[in-house]
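Chains as they are written, first to last, in numbering that gives the first Met the number 0: chain D, 0 to 381; chain B, 0 to 381; chain P, 0 to 381; chain C, 0 to 381.
There are 4 protein chains.
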Amino acid sequence: MNRKKELHIGLIGCGFMGRTHSNAYRRVWNFFPELAYIPVLKAVCSRSENKVKTFADQWGYESTETDWKKVIARDDIDAVDICVPNDMHAAIAVAAAEAGKMVLCEKPLARNLAEALRMVEAVEKAGVSNTVWYNYRRIPAVSLAKQIIDSGKLGKIFHYRANFLQDWTISADLPQGGEGLWRMDADVAGSGVTGDLLAHCIDTAIWLNGGIKDVSAVTETFVKERLHQLTGKAQKVGIDDACIFHCHFKNGSLGLFESTRYARGHKALYTFEINGAEASIRWDLHDLNRLEYFDHADDSRVRGWRSIHVTDGDQPYMDKWWVPGLGIGYEHSFVHQVADFLKGLEAGTGCSPTFREAFETQQVCEAVLDSAASRSWKDTGA
Amino acid sequence: MNRKKELHIGLIGCGFMGRTHSNAYRRVWNFFPELAYIPVLKAVCSRSENKVKTFADQWGYESTETDWKKVIARDDIDAVDICVPNDMHAAIAVAAAEAGKMVLCEKPLARNLAEALRMVEAVEKAGVSNTVWYNYRRIPAVSLAKQIIDSGKLGKIFHYRANFLQDWTISADLPQGGEGLWRMDADVAGSGVTGDLLAHCIDTAIWLNGGIKDVSAVTETFVKERLHQLTGKAQKVGIDDACIFHCHFKNGSLGLFESTRYARGHKALYTFEINGAEASIRWDLHDLNRLEYFDHADDSRVRGWRSIHVTDGDQPYMDKWWVPGLGIGYEHSFVHQVADFLKGLEAGTGCSPTFREAFETQQVCEAVLDSAASRSWKDTGA
Amino acid sequence: MNRKKELHIGLIGCGFMGRTHSNAYRRVWNFFPELAYIPVLKAVCSRSENKVKTFADQWGYESTETDWKKVIARDDIDAVDICVPNDMHAAIAVAAAEAGKMVLCEKPLARNLAEALRMVEAVEKAGVSNTVWYNYRRIPAVSLAKQIIDSGKLGKIFHYRANFLQDWTISADLPQGGEGLWRMDADVAGSGVTGDLLAHCIDTAIWLNGGIKDVSAVTETFVKERLHQLTGKAQKVGIDDACIFHCHFKNGSLGLFESTRYARGHKALYTFEINGAEASIRWDLHDLNRLEYFDHADDSRVRGWRSIHVTDGDQPYMDKWWVPGLGIGYEHSFVHQVADFLKGLEAGTGCSPTFREAFETQQVCEAVLDSAASRSWKDTGA
Amino acid sequence: MNRKKELHIGLIGCGFMGRTHSNAYRRVWNFFPELAYIPVLKAVCSRSENKVKTFADQWGYESTETDWKKVIARDDIDAVDICVPNDMHAAIAVAAAEAGKMVLCEKPLARNLAEALRMVEAVEKAGVSNTVWYNYRRIPAVSLAKQIIDSGKLGKIFHYRANFLQDWTISADLPQGGEGLWRMDADVAGSGVTGDLLAHCIDTAIWLNGGIKDVSAVTETFVKERLHQLTGKAQKVGIDDACIFHCHFKNGSLGLFESTRYARGHKALYTFEINGAEASIRWDLHDLNRLEYFDHADDSRVRGWRSIHVTDGDQPYMDKWWVPGLGIGYEHSFVHQVADFLKGLEAGTGCSPTFREAFETQQVCEAVLDSAASRSWKDTGA
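Structure below.
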């Protein structure tokens, strides 16, 4: 073990994302033994002392903090991982960068473009490694899609469409804000499905199909008022429950995006499809080990969408896991991102998406919200 | 046979749609023997004498004409069926109505709203039976969707989405206009995918989910110039190759529509999905005998999308065909429409969609094209 | 129309199969106008005068008979089509052949091997055209499977598996025998699912994968006693409710077949799959327009089962129908068989499967029932 | 951490299964923090010193051994986990039991019934905790199937069918025996697909549908001779490449099982289906998060197979992982088995399947091989 260089992690936040990241740090060296770096779970931080102790115990963190500034102040921390609600991303990231720490930040980068810009400038000025957890890029089937697209097999691209459909906020009795529900509080989250779900779709889209030029959007808040957990009062709901937009990509293709938390029957249906002159690809998070691929070059009589079970050793990341046919799950995308972050550290190449790259996604989100508010097309500025 | 009242049909046009209608007329009395009316194939008309003779021979028409006005002038014709390119719909329909003939018109009703209005006014003034061949309503799975929605099982509706994706015009070498390709000539067709494909999606949507209030659209013409078959010259392409729009339905739900002829891998992928608070439904033309249905009332541990094979006798129209499990095809939707037209004649109830109802679809199409042209939201006026 | 040679049909039986055949005769000239022969519906026969009159009226038969011998005796009948219960196949077919009529017989050829042999000998001695309605061969997707296999793309074959699962006889309250239920009466049907459903699977299997050498089977009758509709008494059920067998094909591959009417959830799930060294194919009647195809020669990273929507003009029979993406149904397989019968008449090549070919299926069925009864392997004798 | 009782694991074998088990031990306390016991990776053993050192390093074992007897002799080992080829299961398990160690053994329990019996007797005589790694029971969708069946929702069972299809040994150039290929050497493995793959299907079947009475089987060895890696010579292949059997379950239902390594296109297609009078269930390892369920009690017009995405907190094990819609993978089944083993230890209830329970699967395997060899039905003796 002493051959490995240690990377000392300070995790801030121990909710759902704290778990996925912790799991990734713990697993990476079992499956990527060739890496020069190994993450060491030095500290975890949360305002609740009880909660953070339990979390540290369960996940094997060496120490706990209840003030994030203490994590940043510690000399034994190399990298700060931000897993707190969106309203704290900017402050923590900027402070961490200024303290010379590497920064790994949950998505979306920030609540809005202004915050995001400060964060980008901070990490770039400090020259620290940085990445944003747009984890879906590293589902093997999605990575394979990227490989196919980069190979040029699709030809000229005409269409890109994606949606992210959920159904967990349909009940009008669901409160907003506070523990477990900060995603429904616009002040904390910045936006609703746009920042939470569409941001994923946009990140993947830009990665696979290039930049987005302009957008035309509509948003809707179906339930106008909800009890706020913190105030105990019924308050106006500020987030977008649903958001749809179409757009022009810079490569001339048309884009179409939809997200909602009111699509009964869909738990986490993230799908995308890209249509080129020569081939098309589609993917669905619900069946994440599969990639569908249509190749017009196939003999016409036996041409059809191929259902590729992406579990073979020659497919992205899959030499690390089991044997053909045996699928992996959602959590593995985070393990892959940690592995790539460590690899980037070793090679000095960074780990995509960086804050700068995630800023472009933020530009699109901002344009989408602006477009919806103004009922007009908006340039993304990207 | 002499118990049946004869309905003398004069078919104008003998292309693809002429075949589907002729087949429907010929089959209806084998499968709906209880009907009081029986269609009799009195005359078929096409400018090409050769072609029309062959067609009449193949489909059993008693006589042929090469001038549609002659069909309308004939006393032995009760109903005129319009299967010619869109630019001739209005003239024929108006003349037929004025001559007191029933009119069955292929979709879209017309090239534009002005023409459509003249047609509606003509049939209503004449008081003649009329219908537009939006045949997909009468795929049994789609009819079942309507029944489920009408039963109230879905609860409040949040989302409606539909697309109609094809890939047959991707090659830049494909000419435009003329024999077999009039759909690519804006002067003849009125529009591209909007009138050809989205019109279907809109008709179904209005039927299932009520009226559409306003729309925001984008269109694209990917191949800007094509050889015109009639002029022999390369000419600017006037149609929309692709069209996307989002909208508000009058019931407060959000709509999302997309159509294209550049989605490699999709031959005729017409899908729709509707999400209500309590249940959701989706359908796909490529597997037209299936309806997918999600019922939130199911016990949560065993809840999932149901794949309903709509081939049982207690499902719409399926008591007329074979036995459970044995599917029917595309063409049957036309047989069902003829059956319903004859039933409506007998009962005096008409056959939906009437010209008036199809006019609403035309309003949406027009608003969509206007919105795309002006890059702004448009009210449909419906 | 006078260019066509008429083929005068005498249909015996007007139940479910009478309808599918009548429909096929009536439609063939609309879709296969190039054929030299045209079927003319001369006579239909059924013991019930009422029923046969209604049927003739609905389907356009020129005359009716109530005694099948009269049909055979008529000079104006060229071909006798047998759609009656299995116990009458042999008598009618032999008499028809002896009278010099062509014979088209519903499957299974007969109740048992002895009857089948008499039938084969009769048509061969008389030298009359003959065919058995194993219609599933002519579903376009199944015909495409045959083309792929014949092209050698599969390489050496290792496995063939098929099943035909239904669920309509689960209720113990369902009576046996008589109107609509003769398939449950062993005296009339000969056997249960073996002759009714497995016979289809075996016919397709032999066609696609060659002869079957020996079999080892098990049958089960889950409901031992049912009320007989004709006697009004509870009687022992003589048919097999379920049958499973494995076998050796002559080409060295292993076969596996299962059929039942007790598989809750399956209306008419006929599936087959064939695995070769280089490629595999599978098909499912419930989605009959699709063929799944796996080609090991595809690049390994993007290899997967292809879902082929068999609706293109270059796929079997599909140049006759609509346009790509628009599916056909169960009934079309019968239209195709009529077309092929007429084509075979014109070319003098016959129409597969002939009685002789169907006899081989009967040999396998008999061996299967013998094997089950004796709990031992049986050679088919084929 | 000191609240936990430690369970000291000695792992024997560090191949594919050594990895899956090690991963399970390492992850269980992150996801099942409520357990009283925590596994401690005390020692790992393999004949190759190099290999075992690397493995220990990668997975965090405290020490290594190269002689399995040393592991058993160590006082600091509580439980021996057997992950070596089948020919060593009996010797190690018996010795471990006699030394008073708990025993966790990879499946199949042994090469044959005689070995298996010795093992069962050894653990029962020693009174030590024991379990066999039939891990598929603990895929959440499979566990849910068990819950549904136990609830009685299926009613009387008529059919059970399962298959396990692979395609990795088709090439005749693949050698047999030795490193990575011992599964192809009958002396080491005991049998081919019967012990390797069908054993899984049989274990699940007995668990879900009760005991198997008698079987009728066929096996095939498609490639008769292969180069043996250890001898360097072409040798007769002793294993079954494929095995099919049908059977009677004790509850009167019919069973059908097939396994092969020659089904081109299938990497690890393990599927099962069970049909009851009232409901049916099916599952497919390739899409392991889904369970399909058909409930005849649903309203007939909207009845269909439900595709249940088994990722909700109220479904088996899924409260331990992520959020609805986010799937898990193959490896999690092992984590669940470790958790259940530890839970069983705490509660004194054992962990199914015990050696005794796995012995019943072995009885069926033995009867299957005997039946195939003798071409006759065999009672399982179970």
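For glycine and all other residues, C-beta sits at the position ideal for the given N, C-alpha and C.
- Message: Here's a check: name, in chain order, each residue in its chain whose Cβ is nearer than 6 Å to the Cβ of VAL131(C), leaving out the five neighbours to either side.
- Response: So the qualifying residues of the chain are CYS104, LYS106, LEU108, PRO352 and ALA357.
- Message: Give me, in chain order, the residues of the same chain whose beta-carbon lies closer than 8 Å to that of VAL39(P); leave out the 5 immediate sequence neighbours on both sides.
- Response: Within its own chain, the residues whose Cβ lies closer than 8 Å to the Cβ of VAL39(P), once the five positions on either side in sequence are excluded, are GLU5, LEU6, HIS7, ILE8 and GLU61, listed in chain order.
- Query: So who's on the other strand from GLN146(P), going by DSSP bridges?
  - Reply: For GLN146(P), which the question treats as bridged, DSSP gives no partner whatsoever.
- Using a Cβ cut-off of 9 Å (strictly closer), state whether ILE280(B) contacts chain P. Not a single CB atom of chain P sits nearer than 9 Å to the CB of ILE280(B).
- Message: I need the DSSP call for GLN234(P), collapsed to helix, strand or coil.
- Response: GLN234(P): strand per DSSP, three-state reduction.
- Indicate the three-state DSSP secondary structure (helix, strand or coil) for SER45(C) in the structure shown. The three-state reading of DSSP puts SER45(C) in coil, since its state is none of H, G, I, E or B.
- Using the C-alpha atoms, what's the distance from TYR292(P) back to PRO315(P)? Whole-angstrom Cα-Cα distance: 16 Å.
- Item | Cβ shell of GLY12(D) (< 6 Å), same chain only, five flanking positions each side left out | By the criterion of a C-beta distance shorter than 6 Å, GLY12(D) is surrounded in its chain by CYS82 and VAL83, once the five residues flanking it on both sides are discounted.
- Partner residues on chain D for GLY275(B), Cβ-Cβ distance less than 8 Å: Taking the beta carbon of GLY275(B) as reference, the chain D residues within 8 Å of it are ARG263, listed in sequence order.
- With 9 Å as the threshold, decide whether the Cβ of ILE327(P) is near any Cβ in chain B. At least one chain B Cβ lies under 9 Å of ILE327(P).
- Message: Check this for me: beta carbons of THR404(P) and ILE238(P), under 9 Å apart or not?
- Response: Summary: the structure shown does not reach residue 404(P), with chain P confined to residues 0 through 381, and so no result is reported for it.
- Task: Mark GLU224(C) as exposed unless 16 or more other C-beta atoms lie within 10 angstroms of its C-beta, in which case mark it buried.
- Result: GLU224(C) comes out exposed.
- Query: Would SER391(P) be called buried (16 or more neighbouring beta carbons within 10 Å of its own) or exposed?
  - Reply: Examination of residue 391(P) is not possible in this model, given that chain P is present from 0 through 381 alone.
- Item | Min CB distance ASN111(P) to chain B below 9 Å | Closer than 9 Å: no.
- Message: Suppose you measure from the CA of ASP339(B) to the CA of GLY59(P); what does that come to, to the nearest Å?
- Response: Answer to the nearest angstrom: the Cα atoms are 22 Å apart.
- Task: Determine the closest residue to THR203(P) out of LYS100(P), ARG160(P) and ALA89(P), with distance taken between C-alpha atoms.
- Result: Comparing Cα positions, the closest option is ARG160(P).
- Message: What does the alpha-carbon distance come out to for the pair GLN403(D) and ASP172(D)?
- Response: With chain D running from 0 to 381 in the structure shown, residue 403(D) is simply not present.
- Beta-carbon contacts of HIS199(P) that lie in its chain and below 8 Å, excluding the five residues immediately before and after: Apart from sequence neighbours up to five positions away, the residues of its chain that approach HIS199(P) with a beta-carbon distance below 8 Å are LYS106, TYR133, TYR135, PHE163 and TYR269, ordered along the chain.
- Mind checking THR360(P): buried by the 16 CB within 10 Å criterion, or exposed? The residue in question, THR360(P), is buried, as its Cβ has 16 or more Cβ neighbours within 10 Å.
- Thinking C-alpha only, which one of ASP311(P), GLY303(P), ASP75(P) and LEU34(P) is nearest ARG326(P)? The amino acid occupying residue 326(P) in the given sequence is Gly; Arg does not appear at that position. Checked all of ASP311(P), GLY303(P), ASP75(P) and LEU34(P); the closest Cα to GLY326(P) is ASP311(P).
- In chain order, what residues of the same chain lie with their CB nearer than 6 Å to the CB of ALA185(D), ignoring the 5 residues before and after it? For ALA185(D), the CB contacts under 6 Å within the same chain, skipping 5 residues up- and downstream, are GLY237 and ILE238 in chain order.
- If we cut at 9 Å on Cβ distances, does GLN228(P) have a partner in chain B? Closer than 9 Å: no.
- Query: Are there 16 or more other CB atoms within 10 angstroms of the CB of THR379(D), so buried, or fewer, so exposed?
  - Reply: Buried, because 16 or more other Cβ atoms sit within 10 Å of the Cβ of THR379(D).
- Task: Could you please give the first and the last residue of the uninterrupted alpha helix (DSSP H) stretch that includes ARG18(P)?
- Result: Its alpha helix (DSSP H) spans residues 15-30.
- Query: Which residue from LEU112(P), ARG137(P) and GLN362(P) puts its Cα closest to that of TRP282(P)?
  - Reply: With distances taken between Cα atoms, TRP282(P) lies closest to ARG137(P).
- Message: Closest to VAL79(C) by C-alpha separation, out of SER299(C), MET183(C) and ASN129(C), would be which residue?
- Response: The option with the nearest alpha carbon to VAL79(C) is ASN129(C).
- From what residue to what residue does the beta strand (DSSP E) around VAL131(D) run? Residues 129-131.
- Are there 16 or more other CB atoms within 10 angstroms of the CB of PHE15(C), so buried, or fewer, so exposed? PHE15(C) is classed as exposed because its beta carbon has fewer than 16 other beta carbons within 10 Å across all chains shown.
- Query: Which stretch, first to last residue, makes up the beta strand (DSSP E) that contains ASP184(D)?
  - Reply: Going by DSSP, ASP184(D) is part of no beta strand (DSSP E) at all; its letter is neither H nor E.
- Against chain D: residues of the segment 25-44 of chain C by CB proximity under 9 Å: So the list reads ARG25, ARG26, TRP28, ASN29, PHE30 and PRO32, given in the order they occur along the chain.
- Query: Excluding five sequence neighbours on each side, which residues of the same chain lie with their C-beta closer than 7 Å to the C-beta of GLU64(C)?
  - Reply: Within the same chain, Cβ atoms closer than 7 Å to the Cβ of GLU64(C) are found at ALA42, CYS44 and VAL70, the five residues on either side in sequence being excluded.
- Query: Which residue spans inside the segment 36-88 of chain P form an unbroken beta strand (DSSP E) run of at least 3?
  - Reply: With a minimum length of 3 residues, the continuous beta strand (DSSP E) runs that stay inside the segment 36-88 of chain P are 36-44, 62-64 and 78-81.
- Cβ pair ASP213(D), ALA366(D) closer than 9 Å: Taking 9 Å as the Cβ cut-off, ASP213(D) and ALA366(D) qualify as a contacting pair.
- Residues that TYR292(C) contacts on chain B, provided the C-beta gap is smaller than 9 Å: Listed along chain B are VAL301 and GLY303, each with a C-beta nearer than 9 Å to that of TYR292(C).
- Would you kindly work out how many angstroms separate the C-alpha atoms of LEU152(P) and VAL363(C), rounded to a whole number? Note on identity: in this sequence residue 152(P) is Lys, with Leu being the wrong assignment. One C-alpha to the other measures close to 37 Å.
- Task: Please determine, among LYS68(C), TRP167(C) and ALA89(C), the residue with the shortest C-alpha to C-alpha distance to ALA267(C).
- Result: Considering only alpha carbons, the answer is TRP167(C).
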